[in-house]
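Input: a single structure, listed below in structure tokens.
Next up, the structure:
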């Protein structure tokens, strides 16, 4: 089967870019992935959580069973004070089973990347190129050209920026818009703001914990921790309130991490487990500021953003990658529908601009709700002495003693956000998960 006269250039070979590769391959749309690093599967970062909406898409792409083999389902939620005193120890995640028929799963980031890359067809995998640092993008009425640092160039119909929070593609898009018309509304050069920093790392699962545990430590001193356990390892996250909000990128080194670990060594991440107990056992660690924001403009011309390039949320609620996967689903659906109307000709620039606008419109309300939900979770956990911090303390003090409150929040808040998830409309299939809360965008049945 020949591909349509359309080619997507995906900048970024992370989990969002590789999910896009699977989606385009499944839709028989030509693509190329350009990854700046020398591998798409580095052992960097920490954990990733796939929620039921993302697992539906993995099911459609034939990746669900591979995902289950590499993950642990959420089981237990524990909240402790900074001294290790347990405030609650509950198992509320069955609320997801009841509402949408599946609970979230926790993975090592590298495992998700390997699942995505290794399960591309041989032909599709040949279209994934590493060591391709993009240095410029040229867009015209007829197509796009992407230039790489090694001198190679790639021509296509559109560019998808899936290159993360510090997206170079987003900057190229802004420049192209201003060159075309200085009065064009564009995103700020630095569109995200950080109010918190985070240090993360991978460690062995401490004694007393099991796969599927989710531990949180909240405090009133502007710091907090989160600890997740997967199939065979655990991941810690230490959050700290910055002295002032900033839009400047901060690069932390080993000395910064050692100093932060020393500062928080007595902070308990769980019952009887101080951070100082697990820090020496780490396999890897990293640190950065936590940028937050949602772009006002997700596209211009033939260039469109997806994932952290378009929106960045804090990790407490686990929505980062899941939001990027939703972007891929909606954008691919829109492109497939457009190509179904253009027959054997490439879509025009106005047609693409209309599709990109529809994509952002379809995603913006849910993304704004996810952004606000994530921001609240972070501020609820790492509070200060401000008025808003005291209000977060009051809310937690009240809700902690309410029986089944976590179950209620998952059942009627978390599940509502999840059930709004899109599926890949061009891949007919049986619905893999179902519960009391219907999917807003059901998987289309297989045509017989």
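Numbering (full-length UniProt numbering), first residue to last: 1 to 448. The beta-carbon is built from N, C-alpha and C at its ideal position, and this holds for glycine as well.
Review point. Residue range of the beta strand (DSSP E) that residue 245 falls in?
Key: Residue numbering aside, residue 245 sits at position 245 when the chain shown is read from its first letter. Where residue 245 is concerned, the enclosing beta strand (DSSP E) stretches over 234 to 246.
Check your understanding: If you compare alpha carbons, which of 278, 289 and 263 is closest to residue 250?
Key -> Taking the first residue of the chain shown as 1, we reach residue 250 at position 250. Selected option, being the one with the closest Cα: 289.
Comparing alpha-carbon positions, which option in 22, 218, 287 and 11 lies nearest residue 271?
Taking the chain shown and counting its residues from 1, the one referred to as residue 271 is at position 271. Ranking the options by Cα distance to residue 271, first place goes to 218.
Taking the beta strand (DSSP E) that residue 313 belongs to, which residues open and close that run? As a position in the chain shown, residue 313 is number 313, starting the count at 1. Per DSSP, residue 313 belongs to no beta strand (DSSP E) and is neither H nor E.
| said: Mapping the DSSP letters down to three states, classify residue 257 as helix, strand or coil. | reply: What you label residue 257 is simply residue 257 of the chain shown in a count that begins at 1. The answer is helix: DSSP assigns residue 257 an H, G or I state.
Are the beta-carbon atoms of residue 80 and residue 297 separated by less than 8 angstroms?
Translated into positions along the chain shown, residue 80 becomes position 80. Translated into positions along the chain shown, residue 297 becomes position 297. No, the Cβ-Cβ distance between residue 80 and residue 297 is not below 8 angstroms.
What first and last residue would you give for the alpha helix (DSSP H) that runs through residue 77? Taking the chain shown and counting its residues from 1, one reaches residue 77 at position 77. Taken as a continuous stretch (DSSP letters only), residue 77 belongs to no alpha helix (DSSP H), being part of the beta strand (DSSP E) at 76 to 80.
Checking 8 angstroms against the spacing of the C-beta atoms, do residue 284 and residue 169 come in under that value? Locating residue 284 in the chain shown gives position 284, where the first residue counts as 1. Locating residue 169 in the chain shown gives position 169, where the first residue counts as 1. Cβ distance not < 8 angstroms, so residue 284 and residue 169 don't count as in contact.
- As assigned by DSSP and simplified to three states, the class of residue 165: Here the question's residue 165 lines up with position 165 in the chain shown. Three-state result, residue 165: coil.
Q | Endpoints, beta strand (DSSP E) assigned at residue 196 | A | Within the chain shown, residue 196 is the residue found at index 196, counting from 1. Start and end: 193 to 203.
- Inter-residue Cα distance where the pair is residue 253 and residue 433: Counting from one through the chain shown, the residue named residue 253 turns up at place 253. Counting from one through the chain shown, the residue named residue 433 turns up at place 433. Distance between the alpha carbons of residue 253 and residue 433 is about 43 angstroms.
Is the beta carbon of residue 441 less than 8 angstroms from the beta carbon of residue 430?
Here residue 441 corresponds to residue number 441 of the chain shown, with the count starting at 1. Here residue 430 corresponds to residue number 430 of the chain shown, with the count starting at 1. No; because the gap between Cβ atoms is not below 8 angstroms, this pair is not in contact.
**OP:** Spell out the partners DSSP gives residue 300 in its beta bridges.
**Re:** Here the question's residue 300 lines up with position 300 in the chain shown. According to DSSP, residue 300 bridges with 303.
| message | My assumption, with CB atoms under 8 angstroms, is that residue 273 sits in contact with residue 206. Please give the rounded CB distance. | response | Translated into positions along the chain shown, residue 273 becomes position 273. Translated into positions along the chain shown, residue 206 becomes position 206. Their Cβ separation, rounded to whole angstroms, is 5 angstroms, which keeps residue 273 and residue 206 in contact under 8 angstroms.
If we ignore side chains and look at the alpha-carbon of each, how far apart do residue 444 and residue 259 end up?
-> On the chain shown, position 444 is the one that residue 444 refers to. On the chain shown, position 259 is the one that residue 259 refers to. The straight-line gap from Cα to Cα measures roughly 53 angstroms.
Practice prompt. For the beta strand (DSSP E) containing residue 29, list its first residue and its last residue.
Written response: Residue numbering aside, residue 29 sits at position 29 when the chain shown is read from its first letter. Residue 29 -> no beta strand (DSSP E), and no H or E assigned at all.
> Would you say the segment 27 to 47 touches the segment 55 to 63, given that touching needs at least three Cβ pairs under 8 angstroms?
Replying inline: no
Checklist entry - Would you report the Cα separation of residue 221 and residue 83, rounded to the nearest angstrom? => result The sequence position of residue 221 within the chain shown is 221, counting from 1. The sequence position of residue 83 within the chain shown is 83, counting from 1. Taking the straight line joining both Cα atoms gives about 13 angstroms.
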